[in-house]
Amino acid sequence: MNDQMKVELQKGLKSRPVYIPAWYRYDEEGSRLNDVCLEQCTWYYFHRFEVKLLTDVLNEINDCVKESSMLVDLGSGNAYKTRLIIDQLLSTHERVTYVPVDISQDYLNKTAEGIKAIYGNKLDVKPIGEEYITALKDIRFFISIKQDDDKLLVTLDITDTFQKQTIELAYLDPEGYNEQFDLSSIRRLNREMGGNIDISNFEIKNELVVKSSDSQCSYINVWMEARHNCVFDISKLDLTVKFEKGDKLYFHEEGGISCKYTIEQIRHLLNKASLGILDFWVNEHVAAVVISRK
Numbered sequence: 001m002n003d004q005m006k007v008e009l010q011k012g013l014k015s016r017p018v019y020i021p022a023w024y025r026y027d028e029e030g031s032r033l034n035d036v037c038l039e040q041c042t043w044y045y046f047h048r049f050e051v052k053l054l055t056d057v058l059n060e061i062n063d064c065v066k067e068s069s070m071l072v073d074l075g076s077g078n079a080y081k082t083r084l085i086i087d088q089l090l091s092t093h094e095r096v097t098y099v100p101v102d103i104s105q106d107y108l109n110k111t112a113e114g115i116k117a118i119y120g121n122k123l124d125v126k127p128i129g130e131e132y133i134t135a136l137k138d139i140r141f142f143i144s145i146k147q148d149d150d151k152l153l154v155t156l157d158i159t160d161t162f163q164k165q166t167i168e169l170a171y172l173d174p175e176g177y178n179e180q181f182d183l184s185s186i187r188r189l190n191r192e193m194g195g196n197i198d199i200s201n202f203e204i205k206n207e208l209v210v211k212s213s214d215s216q217c218s219y220i221n222v223w224m225e226a227r228h229n230c231v232f233d234i235s236k237l238d239l240t241v242k243f244e245k246g247d248k249l250y251f252h253e254e255g256g257i258s259c260k261y262t263i264e265q266i267r268h269l270l271n272k273a274s275l276g277i278l279d280f281w282v283n284e285h286v287a288a289v290v291i292s293r294k
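Its first residue numbered 1, the sequence shown is counted upward by one per residue in UniProt numbering.
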């Protein structure tokens, strides 16, 4: 972890309400737990419908891609979904450059080695272990697009927010997959930063926050709530964190995670950013959008 990340972590732990940055969950163990949650949690609908939609439109995605392409994967994880696209590209392209970007360098290295073993010389794999923004600056992709044929494929959750229970259960499932993923950030804090936070003193909760205007999207808040007054030390950050009964520790920054959009919100957001829509596909829960600069 670099110095800036430590500063961000300290800032969250000193804030009221207390929070741990969302990216802190994604060390090697957290990344593994996230992929387990995506693939095994029966309540988490988004991953299944995302894979289904991408599979249905692979030919159209391939048509958007020129020869000698670079495929940049922001938040690659185990690259399960991206392999669908790689397989399709390699069916019509002799060689593809693949740049997986992930904040967990250890997990990224394992993913990159696995991908190399599968595709061999057909795929030039160039992993970058950084946060998105830093990586985007490093590879000068999309932020400074200068070619008309550079494109960004984004998948977005368009589940109707009237399905409140369905959405909330997707992020706090009865099987406990999400809970283990969320708590991995606390375990990491205890392990790496000398913390002594006792998880049993807290109860994990979540809530869908609905926003109906075109300029704001809905999102999920996830936190753990103190069952009683308690005090914890985080020695390597020289911090003492106090909780009164009912105080919350959020697993993300203000503004929530896992945003939910209406079609109108997606179009408004892209128009505001001066981005054009080249292709737009939807199913029951997911929109996949191919974007370029206008």
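All residues carry an ideal CB built from backbone N, CA and C; glycine is no exception.
The structure presented is a predicted model; accordingly, all values stated were derived computationally and were not measured.
- Non-local beta-carbon contacts of N34 in its own chain, meaning distances under 8 Å to residues more than five positions away in sequence, involve R25, Y26, G77, F181 in chain order.
- DSSP places L237 within a helical segment (H, G or I) once states are collapsed to three.
- When secondary structure is reduced to three states using DSSP, M1 falls in the coil class, being assigned neither helix nor strand.
- Between A288 and L123, the beta carbon gap of about 22 Å keeps them out of contact (Cβ cut-off 8 Å).
- Residue environment analysis places S184 among the buried positions, since at least 16 neighbouring C-beta atoms fall within 10 angstroms of its C-beta.
- About 13 Å separates the beta carbon of R188 from that of G12, a gap too long to meet the 8 Å contact definition.
- By the criterion of a C-beta distance shorter than 6 Å, C64 is surrounded in its chain by K151, V290, once the five residues flanking it on both sides are discounted.
- Fully enclosed beta strand (DSSP E) runs of no fewer than 3 residues are not present anywhere in the region 10-69.
- Judged by DSSP in its simplified three-state form, V210 adopts coil rather than helix or strand.
- Approximately 7 Å separates the beta-carbon atoms of I85 and L71; this is inside 8 Å, confirming the contact.
- The C-alpha of V125 lies about 11 Å from the C-alpha of V101.
- Spanning the alpha carbons of A226 and A170 requires a straight line of approximately 23 Å.
- Put simply, the region 159-170 does not touch the region 185-204. Fewer than three CB pairs are less than 8 Å apart.
- Judged by beta-carbon spacing, E253 lies within the 8 Å limit of Y19, meaning their Cβ atoms are closer than that value.
- Taking C-beta separations shorter than 8 Å and ignoring five residues to either side along the sequence, the partners of Q88 in its chain run L58, N59, I61, N62, following chain order.
- Under the three-state reduction of DSSP output, Y119 falls in the helix class.
- Contact between T161 and K260 holds: CB atoms are separated by about 6 Å, below the 8 Å threshold.
- In the structure shown, T155 falls within a strand segment according to DSSP collapsed to helix, strand and coil.
- Your pair Y45 and H285 checks out as a contact, with CB atoms roughly 6 Å apart and the cut at 8 Å.
- Burial check for M224: the Cβ neighbour count within 10 Å reaches 16 or more, so the residue is buried.
- The beta carbon of K116 sits closer than 6 Å to the beta carbons of V125 from its chain, once the five residues preceding and following it are set aside; these are given in chain order.
- For the options I103, S104, V96, the alpha carbon positioned closest to that of G120 is the one of V96.
- When secondary structure is reduced to three states using DSSP, N221 falls in the strand class.
- Under DSSP, C259 takes part in no beta bridge, so it has no partner.
- Contact check for I263 against I199 fails: the beta carbons are separated by 8 Å or more.
- Under DSSP, A226 forms a beta bridge with F202.
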